[in-house]
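Take the sequence shown: its letter number 218 is residue 218 in the working numbering, and every next letter is one higher.
Even for Gly, the Cβ is constructed at its ideal location relative to N, Cα and C.
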Amino acid sequence: MLSVTSHVRFIGVDDDNLDLFESQYPLVKGVSYNSYLIDDESVAVVDAVDVRRCSDWLANLSEALGDRRPDYLIVQHVEPDHSGSVAAVLARYPGMKVVATAKAVEMLGNFFEGADIAGRSVTVKDGDTLSLGRATLKFFTAPMVHWPEVMMTLDEADGVLFSADAFGTFAMPSSTEPWDDEARRYYCNIVGKYGSNVKAVMKKLAGQPFNIVAPLHGPVLKENLVHYWLLYEKWSNYEPETRGVLVAYASVYGGTAEAARRLAVMLREEGAGDVVLMDLCRHDVSYAVAEAFRLSGLALCSVTYDASLFPAMHDFLHHLQMKNMRNRTVGFVENGSWAPVAGRLMADMLSKMKDMTVVEPKVTIRSRLHDGDLPALRELAKALANNK
1 MLSVTSHVRF IGVDDDNLDL FESQYPLVKG VSYNSYLIDD ESVAVVDAVD VRRCSDWLAN
61 LSEALGDRRP DYLIVQHVEP DHSGSVAAVL ARYPGMKVVA TAKAVEMLGN FFEGADIAGR
121 SVTVKDGDTL SLGRATLKFF TAPMVHWPEV MMTLDEADGV LFSADAFGTF AMPSSTEPWD
181 DEARRYYCNI VGKYGSNVKA VMKKLAGQPF NIVAPLHGPV LKENLVHYWL LYEKWSNYEP
241 ETRGVLVAYA SVYGGTAEAA RRLAVMLREE GAGDVVLMDL CRHDVSYAVA EAFRLSGLAL
301 CSVTYDASLF PAMHDFLHHL QMKNMRNRTV GFVENGSWAP VAGRLMADML SKMKDMTVVE
361 PKVTIRSRLH DGDLPALREL AKALANNK
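Structure below.
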């Protein structure tokens with residue numbers, strides 16, 4: 001087990017068998033359910049784990065405790081991947097008390113009927129503290145980051161911020177992959193809708209004395225905290241990280257794909273920055289959403305299908321709507337063999353997003369890209385490249 005500090009130990013577990021996080025987001029390299037033990041005059045456990053890995057977690061907890069008994073279970077987040085083992089640990093340690101927000105206690109009662117959670121709970125509010133002896137824990141409510149009951153916990157003695165789902169990532173703590181990519185995919189798809197709530201809790205945390213961030217998924221962060229913090233500021237403000245264009249396309253027989261590929265070449269020629277070409281029919285939408293958050297521009301290329309928008313493009317734009325995407329420059333390429341309407345329908349969906357700048361021309365192709373379409377495609381590339 002990892003020592004986070006001399007008084008804080010990581011007792012979480014990895015899950016390399018789960019294929020879909022929240023039954024929708026692909027896990028290429030697994031995920032972790034993080035849990036921590038604070039060893040003090042009173043012993044506190046910070047969060048439980050998914051019931052899938054309950055026995056392994058209880059074994060880790062027992063090893064970390066030695067001959068001691070835990071006094072408190074800090075429940076920061078009630079989502080089942082973190083609370084699934086709450087009833088089991090309370091049954092094993094009858095003297096253990098739950099420390100959580102009032103909303104969390106209410107929600108735990110819904111998940112674990114008959115476990116008498118309320119009778120064993122200490123409810124805390126924003127700014128409340130709990131002394132363990134050497135360490136004092138300070139609690140910060142974080143509603144809708146990304147559930148209403150969430151709180152974060154600061155160990156003031158060791159400077160450890162237990163950040164709940166914030167600063168978490170897909171993949172396991174031992175992964176050697178760069179943090180940014182999977183943390184971005186995690187944030188944008190799990191938390192992305194709630195940028196204003198993230199900003200509110202970051203305002204509370206600004207200036208607090210922590211130099212370690214211990215999230216509920218992924219690695220414990222001990223270095224480059226400013227980098228992670230600045231990324232969260234950008235993501236929560238829906239600001240792009242990088243100048244560039246995501247060329248996202250949905251194609252049936254290859255005509256729209258050909259136009260998208262040609263547009264990507266033109267964008268690079270026009271100096272549009274980082275240009276990413278993505279087939280929405282063959283890439284999971286979570287990756288496309290993450291790229292849309294990262295880049296400053298979107299080129300949306302879709303075929304018309306059943307007098308409507310092709311499902312893969314509709315799904316992508318629906319996800320962007322759900323995640324409150326805003327503040328991007330967008331261009332359209334539509335395809336239709338007899339009655340192209342994809343451009344209008346994409347624009348209709350985009351109109352529900354804030355601060356989106358649409359550039360002209362809208363490029364319409366018939367079945368496939370023709371030489372006569374190239375000047376308009378070039379003008380679209382220039383317009384997207386010239387918008388910073």
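Residues Ala-259, Arg-262, Leu-263, Met-266, Val-333, Val-363 and Leu-369 of the same chain have their beta carbon placed closer than 8 angstroms to that of Leu-377, with the five preceding and five following residues left out of the count. Under DSSP, Glu-334 takes part in a beta bridge, and its partners are Ser-302 and Thr-364. Residue nearest to Ala-342 within the set Ala-383, Ala-171 and Leu-300 is Leu-300 (criterion: CA-CA distance).
Between Gln-208 and the set Glu-41, Val-78, Gly-159 and Leu-277, the nearest pair of CA atoms involves Gly-159. The closest CA to that of Lys-352, considering only Asn-327, Gly-195 and Val-359, is found on Asn-327. Along the stretch 151-205, the beta strand (DSSP E) occurs as fully enclosed runs of 3 or more residues at 151-155 and 160-162, listed in sequence order. Ser-55 and Thr-169 have their alpha carbons spaced roughly 23 angstroms apart. Annotation for Met-278: the continuous beta strand (DSSP E) segment containing it runs 274-279.
In this structure, the CA atom of Asp-15 is about 33 angstroms from the CA atom of Ala-250.
Taking the Cα positions, Val-13 is about 8 angstroms away from Ser-35. Residue range 121-123 is occupied by the beta strand (DSSP E) that includes Ser-121. With respect to the C-alpha of Trp-179, the residue from Met-202, Leu-225, Gly-192 and Gly-372 having the closest C-alpha is Leu-225. For Val-86, no beta strand (DSSP E) encloses it; the enclosing alpha helix (DSSP H) starts and ends at 86-92. Spanning the alpha carbons of Pro-215 and Val-78 requires a straight line of approximately 14 angstroms.
With contact defined as three or more Cβ pairs closer than 8 angstroms, the stretch 69-78 and the stretch 189-209 are not in contact.
DSSP places Asp-67 in the coil class of the three-state scheme, outside both helix and strand. The beta-bridge partner set that DSSP reports for Gly-297 consists of Val-245 and Thr-329. Pairing Gly-30 with Arg-52 gives a Cβ-Cβ distance that is not under 9 angstroms. For the set Met-346, Val-285 and Glu-113, the Cα lying nearest the Cα of Leu-309 is the one of Met-346.
Apart from the 5 residues on each side of it in sequence, Val-359 sits with its Cβ closer than 8 angstroms to the Cβ of Thr-329, Val-330, Gly-331, Leu-380, Ala-383, Leu-384 and Asn-387 in its chain, given in chain order. Close CB contacts of Met-349 within its chain, under the 6 angstroms cut and outside five residues either way in sequence, are with Leu-317 (chain order). Per the C-alpha coordinates, the member of Ser-286, Arg-344 and Pro-375 positioned closest to Ser-23 is Ser-286. Looking at Ala-206, Gly-336 and Trp-229, the one whose alpha-carbon comes closest to that of Ala-257 is Gly-336. For Lys-97, the enclosing beta strand (DSSP E) stretches over residues 97-100.
Here the C-alpha atom of Ala-272 lies approximately 7 angstroms from the C-alpha atom of Arg-243. The distance from the Cβ of Leu-161 to that of Phe-111 is about 26 angstroms, inconsistent with a contact at the 8 angstroms cut-off. Taking the C-beta atoms as reference points, Lys-323 is found nearer than 9 angstroms to Val-289. With a contact defined as Cβ atoms closer than 8 angstroms, Met-151 and Phe-167 miss out at about 15 angstroms. The C-alpha of Asp-284 is placed about 29 angstroms away from the C-alpha of Pro-361.
According to the DSSP assignment, Val-226 belongs to no beta strand (DSSP E) but to the alpha helix (DSSP H) extending over 225-236.
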